[in-house]
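Residue numbers (our numbering), protein chains in the order written: chain A, 1 to 229; chain B, 1001 to 1229.
All residues carry an ideal CB built from backbone N, CA and C; glycine is no exception.
Quick notes on the structure that follows.
Number of protein chains: 2
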Amino acid sequence: MDLFFCPVVSEEASVVTLDEFESRHIARTLRKKTGDRIALTDGQGGHYSGEITSLKPRVRVHILERTKHDAPQPALHAAMGFIKPQRLEWALEKVTELGATDIHLIRTEHSGYGSANHGRFEKILRQALKQNQRFYLPALHLYKHIHMFIAAVQAVPQKFVAVDAHFPPLAGELQNEGDRLICVGPEGGLSQTEIGLLQDNGFKAVSLGPSRLRAETALLAGLSILRLL
Amino acid sequence: MDLFFCPVVSEEASVVTLDEFESRHIARTLRKKTGDRIALTDGQGGHYSGEITSLKPRVRVHILERTKHDAPQPALHAAMGFIKPQRLEWALEKVTELGATDIHLIRTEHSGYGSANHGRFEKILRQALKQNQRFYLPALHLYKHIHMFIAAVQAVPQKFVAVDAHFPPLAGELQNEGDRLICVGPEGGLSQTEIGLLQDNGFKAVSLGPSRLRAETALLAGLSILRLL
């Protein structure tokens, strides 16, 4: 069954109203009718199924069943310096599909960009979640400086920063237990100072293979390893 | 040093003329001058450095040094059913960055698309190669039917098809030695018949993790594992 998004569903609510974006998708694109069954998630583990009771002006759904999914374990953190918006948006979609629980975007020394269109980012994460039939939206964290990022992820036990092929491959450094984080630079890389700072704060420097990768490709490659081992 | 592309450089040639695309990039975008040193690759392992002798109508380069790089080992094959052009083009860029030596695009039962714009694909591979500072362009293979693909890759010792989480994870199935191949379905997946056919022909069914991935994300995730272990 297609999955749709409904940000807040209170414990007591028996009827919810979807937002404009979801309503249009359901009513206009998919041409659902009153009485059709659909599934909803709130992106916080909630999974609802219900019946469409009206289509205009917004789709309303009478909730018939509720399930709560457990949060994904271990947590998978994907961290990157800001990159060009188009490539960043693509990366947001892909890390969501690959099951990132937390996405960290950092303004670094070599970041040529640093602006965040929250509304648009949110929409990309939602769409990837629905496509993926998952029930937890990644948390999106933005930092104006790498110090703030380091402080925020201090408690994550397995933290890696992708540097270059002089360091040991990520796959060999992973432990089976515990939350994990991969951090990659923006276009142009992290500075030596930033890499040193991360290493001084519990990040292990690793390699993602012999060839130079674009920032977003490195993030995906790193996360593909983190999620499997 | 920036790397540029020059498809054919004969053993004897001391001066080569770049094509319109590379010439424009060098002369107009980067504003290189006569006398500037640049590096070239033919995408077949050749690595040349030389001096620009003229800029118009095409950039000409006097070759001063030649190196031949060994072909990457093991070979990494990325195979996928045809998907929508925009996502396909993105996948071509990323698998090139991740070091695929061979890209196989297959018209499968559920492929809604099957057309190939060779000229545009070639340009994408080239750009990724240059960005990546590598010297071998992946070979691009197109098949009208999965039978033709199976016949073409018969000799690859480690062949995997990504099916779903009921199968063992790819990472655990890899051998250290020998060329390797990952095959993923198009949007909508491979059919049961196609999966059976692949399994009957030496492909091992594997999982890329718990969540449902889009075709191009699965290809990237699979290749990220293949290249590291």
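> Does any CB atom of chain A fall closer than 8 angstroms to the CB of Glu-1097 of chain B?
Replying inline: yes
> Considering only C-alpha positions, which residue in the set A:Phe-167, A:Phe-203, A:Ala-165 is nearest to Leu-181 of chain A?
Replying inline: A:Phe-203
>> Less than 6 angstroms between C-beta atoms, sequence neighbours within five positions excluded: which residues of the same chain meet that for Thr-53 of chain A?
In response: Arg-60, His-62
>> Along the region 1122-1133 of chain B, where does the CB come closer than 7 angstroms to a CB of chain A? Name the residues.
In response: Gln-1131, Asn-1132, Gln-1133
> With Arg-1120 of chain B and Phe-1082 of chain B assumed to form a contact (beta carbons below 8 angstroms), what rounded beta-carbon distance in angstroms separates them?
Replying inline: Not a contact, Cβ separation roughly 14 angstroms.
> Counting along the chain, where does the beta strand (DSSP E) carrying Asp-36 of chain A start and finish?
Replying inline: Per DSSP, Asp-36 of chain A belongs to no beta strand (DSSP E) and is neither H nor E.
> For the candidate residues B:Thr-1034, B:Lys-1033, B:Gly-1045, B:Asp-1200, whose alpha-carbon lies nearest to that of Gln-1154 of chain B?
Replying inline: B:Asp-1200
> How long is the line joining the alpha carbons of Leu-142 of chain A and Thr-217 of chain A, rounded to whole angstroms?
Replying inline: 20 angstroms
> In this structure, what does DSSP give as the bridge partners for Thr-1067 of chain B?
Replying inline: B:His-1047
> Is the distance from the Cβ of Leu-223 of chain A to the Cβ of Leu-98 of chain A below 8 angstroms?
Replying inline: yes
> What separation, rounded to the nearest whole angstrom, lies between the Cα atoms of Arg-1087 of chain B and His-118 of chain A?
Replying inline: 24 angstroms
> Relative to chain B, which residues along the region 211-226 of chain A have a C-beta separation below 7 angstroms, given in chain order?
Replying inline: Ser-211, Arg-212, Leu-213, Arg-214, Thr-217, Leu-220, Ala-221, Ser-224, Ile-225
> Just how far apart, CA to CA, sit Thr-29 of chain A and Leu-1092 of chain B?
Replying inline: 30 angstroms
> Which class does Ile-124 of chain A belong to by DSSP, given the choice of helix, strand or coil?
Replying inline: helix
> Thr-1193 of chain B and Tyr-1136 of chain B look like a contact to me (Cβ under 8 angstroms); what is the Cβ gap, rounded to whole Å?
Replying inline: Rounded, the Cβ-Cβ distance is 35 angstroms, inconsistent with contact.
>> Give me the chain B residues within the contact set of Lys-94 of chain A, using Cβ-Cβ distance strictly less than 7 angstroms, ordered along the chain.
In response: Thr-1217
> Is Leu-137 of chain A near the ligand SAM, in the sense that its beta carbon is under 7 angstroms from a heavy atom of that ligand?
Replying inline: Judged by which ligands are present, the structure shown has none, so any question about the ligand SAM falls away.
> Alpha carbon to alpha carbon, what distance is there between Gly-1172 of chain B and Phe-1160 of chain B?
Replying inline: 12 angstroms
>> Considering just the uninterrupted stretch of the alpha helix (DSSP H) at Gly-1209 of chain B, what are its terminal residues?
In response: From DSSP, Gly-1209 of chain B is part of no alpha helix (DSSP H); its letter is neither H nor E.
> Taking Gly-1043 of chain B as the reference, which of B:Gly-1178, B:Pro-1168, B:Ala-1128 has the closest Cα?
Replying inline: B:Ala-1128
> Quick one, which of B:Val-1095, B:Pro-1168, B:Glu-1089 has its alpha-carbon nearest His-1077 of chain B's?
Replying inline: B:Val-1095
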